[in-house]
Amino acid sequence: MRIYIIIILVGLFPVITFPQIIKKDTLTKISITGKEKRFTITDCGTLIAIGELGRFHDKKTKYFIGNYIGKNFKFALFYKKLFLECDFRPATINVYNNLNFKNNVLNRNANLNIINTDITIGYSHCFLKNLSIEPYIGYLSTAFFVINEDVIKQNYDFSPVRGITTGFILNKYFRISKRSVDYFVIFLSNSMNFSNYNNFYYEMGNSFYSVELGIGFKGLFLKRIKN
6 MRIYIIIILV GLFPVITFPQ IIKKDTLTKI SITGKEKRFT ITDCGTLIAI GELGRFHDKK
66 TKYFIGNYIG KNFKFALFYK KLFLECDFRP ATINVYNNLN FKNNVLNRNA NLNIINTDIT
126 IGYSHCFLKN LSIEPYIGYL STAFFVINED VIKQNYDFSP VRGITTGFIL NKYFRISKRS
186 VDYFVIFLSN SMNFSNYNNF YYEMGNSFYS VELGIGFKGL FLKRIKN
């Protein structure tokens, strides 16, 4: 709960919402001194968000690491209807069955940290009032770390594996105030991921499905109009 409160506070900056939802116009603000300041709403925007995700692996991968729930932290930049997004998805699990590597064994006593990092590009389409859909495709990298090596008295050195992710996001927007361009967002994301986990351990599969529910803020950058 604390992390959701933090993300709400961080998101309350004056540059937040979807480019195609707010028309390009001017915005007037009154400073604490009473001076009027006018701004142009630009075509560029930003996003900050957090979500809870469920990860469902193919049969071969599930045998070793199961399915699990984790968190997602995301940041994106928008230009008109195009966007570039970065997602950071960490989770810590215990394996279901032993992974027998050449020099050691990864067993259920190990706390395995799995970190998925995505860099994606996509397109935003607003199809109803304050509703949008965003198809995307991009690069997927997965890193594996054992975080309790000192407890189990073993050392592991895993190379990251790389793959492709593709999916879509559904967004619902809620305007924070009538005089601002700020929007609170609830989103649902679905993705199919070609993970190449078989390059991490040869008996694993190479895909997983991910579904995510989260909250965030989106908005446009403002450019001050000189008097």
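In terms of this note's numbering, the sequence shown is residues 6 to 232. Think of the CB as a built atom: it goes at the ideal place given N, C-alpha and C, for glycine as much as any other residue.
In DSSP terms, what residue 148 is bridged to: 120
Nearest-angstrom Cα separation, counted from residue 219 out to residue 208: 33 Å
Segment contact, 8 Å Cβ cut-off, at least three pairs: the stretch 60-80 with the stretch 97-108: yes
As assigned by DSSP and simplified to three states, the class of residue 162: coil
DSSP three-state assignment for residue 228, whether helix, strand or coil: strand
Option in 71, 91, 128 and 189 with minimal Cα separation from residue 177: 189
Cβ shell of residue 113 (< 7 Å), same chain only, five flanking positions each side left out: 99 and 100
Residue from 126, 63 and 155 whose Cα sits closest to the Cα of residue 140: 126
Inter-residue Cα distance where the pair is residue 94 and residue 120: 6 Å
Three or more C-beta pairs below 8 Å linking the stretch 190-206 and the stretch 155-173: yes
Nearest-angstrom Cα separation, counted from residue 45 out to residue 62: 47 Å
Pairwise C-alpha distance: residue 55 and residue 69: 28 Å
Residues that DSSP places opposite residue 97 in a beta bridge: 118
Straight-line gap, residue 49 to residue 225 (C-alpha atoms, nearest Å): 6 Å
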